[in-house]
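Asker: I have a structure here, written as structure tokens, and I will follow up with some questions on it.
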Ligand code: ADP
Ligand code: MG
């Protein structure tokens, strides 16, 4: 396994495999589809299918599956074997172009948000030739999109492809209006940094909260948390290092550009960053990364937690979505160059982001909304729920200069000397890093940092691509009809800055003062999932999606309901799990401990009336009182859940009940439990403690 370039992508039917196994014509046709979206003929598909099958058989495959991304948030697959009956009871291994292009999984068991009733079960998966097929285990995986019998979209991939098409087309129009006719294609590029926790599998199996919900629902804080800042970038422990090595190998075989592995802020938290690639591939790769992480963890006796908030009191996990636009000539449209002030093309594309984020704050917030992520946003560990952009001083000064018609004089780059002769000097970056902004311009790309660790990155990228496409299209409308391109370009940049500079914030987004200031600026602060989702179907959003042909109104409403239902289901499972743990484990455990102490006190009294028992009696009293309270809150939580179960309201109202009433009852119950945990002998406590979970790796 030492020759990485040799085995990289060995499980992917990528460019090399295609070239090797297809006729020249078929290869050209397929490349045309992959690179510039040309339609693919069935005869070519037949040749591709045969070549793919032969390749897969040579790697020991017996099955194939259409691999798709329904609204469940995870990927789905239905395996078929290649066998086809042949003469005299024998079989041959077959795979046709038709089977490659179209699959028919029963769609009725996937969420559709009311688009499709159960009796209309037919659904189609359709091959997405722009993402490479790959082999895992004994199966050939074919990336596909998923739609209903009537053509409505039931997955995350179709709208992503639509949005990519839109942003590419509009960027191209704008570039052509600027005279850049040599550019023929533009691609959104994405690099998704992935955070995760690794915990010991045996301890995981002892906690039903982790098993059922992915996060701990009870757990007192250990004496040590993350306050020493000694884990971030710290030396990687051997057992974790072995996991990471294995993970890299598995990902490389699948053609995933896993690049950077390091420890994160919280104990037992880590991060993997890939090299960026086109948006579509990056999305598939991130889904694969999450799956492979979980599988490889199992092999090493770990469980990989991708929940946004597995532990209270330490940082949760997020994902950073680095996004940019690249041309077919390899030009990054968000690279400011040496003299950004003179680079009006860059400033124009930058203005598109500023205007887009300001006008569609709600959509960006919606794209990262989930039950898990609500615990992170605004909790001083992740950006707040308020959207804003960090540009850095230099860029903001440039935009100010354009807006006010002034000349911009660049500050000289300062050299950093370390005061040690032997060390090389290097030039300081023009802006410092800002780690708190939800959307940070980081030199040649935008880093969207509000994503939860478990989200499918298709969702945020659908939004980003679409809202940018919309702005680029508006700019192109102006410049295509302009008689003075330079003046009109300048005017657009100026107008955008004057109208939308409120969305730019270079300060500390975690500070309480920002909440106040953002409010004064009129920015949205959608703190919870129900608050955010209620804006999905706002007229301006529906108009955006319908104009850009990404979603219909019907599809938006369906998506909103699916997401709200999955939010409610998640909290419902959490609440039921809490009640179960509380009644069956925690209550009896504390009661046993109190009983044990009481027996001790009685025994002491028999030994001698003067033996002091105050300490034990105090503890017995405190715990007994806490148990009363605990019992009361279990009942309260049960009642709140029952109330929601008995309501026949719409998904938004139900999600609000979970958000406002059930979650608050859960917090009350947890608080009492955590107090009891701190007072109860570890021998009696039924679960591995936070300390053991996080520090005994
Ligand atoms: P950090 O966030 O720690 O500063 P880097 O700046 O090295 O890390 O990059 C973070 C991520 O951004 C990586 O996944 C990288 O591949 C990705 N990235 C870099 N350039 C681009 C680009 N032009 N488009 C999209 N993603 C990019
Ligand atoms: Mg980052």
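Numbering (my numbering), first residue to last: 393 to 1089. Cβ atoms here follow ideal geometry from the backbone N, Cα and C, with glycine treated the same way.
1. Measuring CB atoms only, is the region 564-571 touching the region 865-874, in the sense that at least three cross pairs come out at less than 8 Å?
2. I need the straight-line Cα distance from residue 755 to residue 688, nearest angstrom please.
3. Around the Cβ of residue 541, are there at least 16 other Cβ atoms within 10 angstroms (buried) or fewer (exposed)?
4. Cα-Cα, which of 470, 776 and 829 is closest to residue 531?
5. What number of angstroms, rounded off, separates the C-alpha of residue 1063 from the C-alpha of residue 600?
6. How far does the alpha helix (DSSP H) with residue 1106 in it reach, from first residue to last?
7. Taking only three categories from DSSP, how would you classify residue 944?
8. With H, G and I counted as helix, E and B as strand and the rest as coil, what does DSSP make of residue 473?
9. Within a Cβ cutoff of 7 Å, which residues of the same chain sit near residue 413, ignoring the five residues on either side of it in sequence?
10. Rounded to whole angstroms, what's the CA-CA distance from residue 1024 to residue 630? Just pull it up for me.
11. Under three-state DSSP, which class holds residue 751?
12. To the nearest angstrom, how far is it from the Cα of residue 881 to the Cα of residue 875?
13. Any chance you could list the alpha helix (DSSP H) runs of at least 4 consecutive residues sitting entirely within the region 1023-1053, in chain order?
14. Taking only three categories from DSSP, how would you classify residue 854?
15. In its own chain, which residues sit with a C-beta less than 7 Å from the C-beta of residue 453, not counting the 5 before and 5 after it?
16. If I follow the unbroken alpha helix (DSSP H) through residue 579, where does it start and stop?
17. Does the region 577-592 touch the region 1043-1058, meaning 3 or more C-beta pairs lie closer than 8 Å?
18. Mapping the DSSP letters down to three states, classify residue 571 as helix, strand or coil.
19. Which residues in the same chain as residue 727 place their Cβ atom closer than 6 Å to its Cβ, once the five residues preceding and following it in sequence are excluded?
20. Which first and last residues belong to the alpha helix (DSSP H) in which residue 604 is found?
21. Is residue 478 helix, strand or coil when you go by DSSP?
22. Exposed or buried, what is residue 941 when buried is set at 16 or more other beta-carbons lying within 10 Å of its beta-carbon?
23. At what residues does the beta strand (DSSP E) containing residue 651 begin and finish?
24. Following the continuous alpha helix (DSSP H) through residue 1064, name the residue where it begins and the one where it ends.
25. Can you tell me where the alpha helix (DSSP H) with residue 1116 in it begins and where it stops?
26. Does any heavy atom of the ligand ADP sit closer than 7 Å to the C-beta of residue 656?
27. For my contact list, residue 954 and residue 503 are in at a C-beta cut-off of 8 Å; report their separation, rounded to the angstrom.
28. Does DSSP put residue 711 in a helix, in a strand, or in coil?
29. Who are residue 498's beta bridge partners in DSSP?
30. Report the three-state DSSP secondary structure of residue 528 (helix, strand or coil).
31. Might you give, ordered along the chain, the residues of its own chain that have their beta carbon closer than 7 Å to the beta carbon of residue 996, omitting 5 neighbours on each side?
32. Rounded to whole angstroms, how far is the Cβ of residue 733 from the Cβ of residue 790, which I believe are closer than 8 Å?
33. Flag residue 694 as yes if its beta-carbon sits less than 8 Å from any beta-carbon of chain C, otherwise no.
34. Measuring straight from C-alpha to C-alpha, what distance separates residue 694 and residue 648?
35. Does DSSP put residue 406 in a helix, in a strand, or in coil?
36. Would the region 547-558 and the region 637-647 be scored as touching if the rule is three or more Cβ pairs under 8 Å?
Answerer: According to the data block:
1. In short, these stretches touch, since the Cβ pair count reaches three.
2. Here the alpha carbons of residue 688 and residue 755 stand approximately 35 Å from one another.
3. The residue is exposed, with fewer than 16 neighbouring Cβ atoms inside 10 Å.
4. Checked all of 470, 776 and 829; the closest Cα to residue 531 is 470.
5. Whole-angstrom Cα-Cα distance: 18 Å.
6. Shown here, the chain extends from 393 to 1089; a query on residue 1106 therefore has no answer.
7. Residue 944: coil per DSSP, three-state reduction.
8. Secondary structure of residue 473 (DSSP, three-state): strand.
9. Within the same chain, residue 413 has close Cβ partners 443, 446 and 447.
10. Cα to Cα, the separation comes out at about 46 Å.
11. DSSP places residue 751 in the helix class (H, G or I) of the three-state scheme.
12. Each residue's Cα considered, the two are about 11 Å apart.
13. The region 1023-1053 contains these whole alpha helix (DSSP H) runs: 1043-1049.
14. The three-state secondary structure of residue 854, taken from DSSP, is helix.
15. Within its own chain, the residues whose Cβ lies closer than 7 Å to the Cβ of residue 453, once the five positions on either side in sequence are excluded, are 527, 530, 531 and 532, listed in chain order.
16. Annotation: residue 579 is outside any alpha helix (DSSP H); the continuous beta strand (DSSP E) that includes it extends over 578-592.
17. The region 1043-1058, when compared against the region 577-592, does not touch it at the 8 Å Cβ threshold.
18. The answer is coil: DSSP assigns residue 571 none of H, G, I, E or B.
19. Correct list, in chain order: 836.
20. Where residue 604 is concerned, the enclosing alpha helix (DSSP H) starts and stops at 600-605.
21. Looking at residue 478 - three-state DSSP - the assignment turns out to be coil, as it is neither helix nor strand.
22. The C-beta of residue 941 has fewer than 16 other C-beta atoms within 10 Å across all chains shown, which makes the residue exposed.
23. It spans 650-655 - the beta strand (DSSP E) in which residue 651 sits, taken as one unbroken run.
24. Per DSSP, residue 1064 is one residue of the alpha helix (DSSP H) stretching across 1055-1071.
25. Residue 1116 lies beyond the residue range present for the chain, which begins at 393 and ends at 1089; the question has no answer from this structure.
26. Because no heavy atom of the ligand ADP lies under 7 Å away, the Cβ of residue 656 does not count as near it: no.
27. Right, their Cβ atoms sit about 5 Å apart.
28. Reduced to three states, the DSSP call for residue 711 is strand.
29. In the DSSP output, where bridge partners are listed per residue, residue 498 has 514.
30. If DSSP states are grouped into helix, strand and coil, residue 528 belongs with the strands.
31. Spatial neighbours of residue 996 in its own chain (CB-CB distance under 7 Å, excluding positions within 5 residues in sequence) are listed in chain order as 1003 and 1005.
32. Residue 733 to residue 790, Cβ: 5 Å. Contact.
33. Protein chain content of the structure displayed is limited to a single chain, and chain C is not contained in it.
34. So the two alpha carbons sit approximately 22 Å from each other.
35. Taken through DSSP and simplified to helix, strand or coil, residue 406 comes out as coil.
36. By the C-beta criterion, the region 547-558 is judged not to be in contact with the region 637-647, since fewer than 3 inter-stretch pairs fall below 8 Å.
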